[in-house]
Amino acid sequence: MGKILIAYYSRRGENYVNGSVRSLEKGNTEVVVGKLKELIPDADVFHIDTVRRYSDSYMTCIEEAKRELHDQERPEMKNHLDSIDPYDTIVLGYPNWWGTMPMVCYTFLESLDFTGKRIVPFCTNEGSGMGSSVRFIKKLCPTAIVEDGIPIHGAEAANADREAQQIADNALQA
Numbered sequence: 224m225g226k227i228l229i230a231y232y233s234r235r236g237e238n239y240v241n242g243s244v245r246s247l248e249k250g251n252t253e254v255v256v257g258k259l260k261e262l263i264p265d266a267d268v269f270h271i272d273t274v275r276r277y278s279d280s281y282m283t284c285i286e287e288a289k290r291e292l293h294d295q296e297r298p299e300m301k302n303h304l305d306s307i308d309p310y311d312t313i314v315l316g317y318p319n320w321w322g323t324m325p326m327v328c329y330t331f332l333e334s335l336d337f338t339g340k341r342i343v344p345f346c347t348n349e350g351s352g353m354g355s356s357v358r359f360i361k362k363l364c365p366t367a368i369v370e371d372g373i374p375i376h377g378a379e380a381a382n383a384d385r386e387a388q389q390i391a392d393n394a395l396q397a
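Numbering (this note's numbering), first residue to last: 224 to 397.
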């Protein structure tokens with residue numbers, strides 16, 4: 224079995240949780256990544272983040288995300304990986320924004336060569352599941368093996384042990 228990378232984008236602060244806006248110390252996706260790191264201790268972790276910070280206001284942030292999607296923007300990433308050559312499997316985590324991944328995840332996927340890599344996606348959401356994100360991952364990484372995504376209800380991220388185990392099991396498959 225080859226090396227595993229857990230790459231994720233997560234937003235802390237104001238988030239939509241079970242029908243209301245609440246402030247979170249850790250984004251839901253980051254909470255799940257914490258569980259994955261315990262289940263796959265040898266995995267490396269890469270936090271996908273943007274240079275330009277989104278608004279602290281949830282309502283403003285979703286409008287920023289909507290504009291990025293509409294304009295097909297590719298936000299600049301704060302940090303970059305030079306290569307993913309050492310990794311056979313990439314666990315990719317993100318929140319569902321407007322039925323897909325945040326656009327910075329597109330930036331990440333387009334910045335590297337995923338040929339022959341396994342991508343195990345998961346997303347946190349408040350009822351929209353994986354949306355069309357897996358389809359877009361397959362389109363962006365046509366030479367990768369993209370597994371079915373695992374959706375996690377964001378409000379349940381802290382208790383998503385079963386889903387985290389399922390993601391880890393998928394990532395650890397040879």
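Beta carbons are placed, not taken as given, at the ideal position from N, Cα and C, and that holds for glycine.
Quantities reported herein were computed from a predicted structural model and do not represent experimental measurements.
So, does the stretch 320-338 touch the stretch 295-311, judging by three or more C-beta pairs under 8 Å? yes
Where are the alpha helix (DSSP H) runs, 4 residues long or more, that stay fully inside the stretch 325-372, in chain order? 326-333 and 356-363
CA-to-CA distance, T366 to N238, given in whole angstroms: 34 Å
Might you give, ordered along the chain, the residues of its own chain that have their beta carbon closer than 7 Å to the beta carbon of M326, omitting 5 neighbours on each side? E291, L292, E296, R297 and P298
Going along the chain, which unbroken runs of the alpha helix (DSSP H) with 4 or more residues stay wholly within the stretch 227-267? 251-262
Our contact map puts Y310 next to I227 with C-beta atoms below 8 Å; I'd like the distance itself, whole angstroms only. 6 Å
Exposure label - P318; buried when at least 16 CB within 10 Å: buried
Can you check whether the CB of S356 is closer than 8 Å to the CB of C346? yes
If you measure between the beta carbons of N241 and A378, is that distance less than 8 Å? yes
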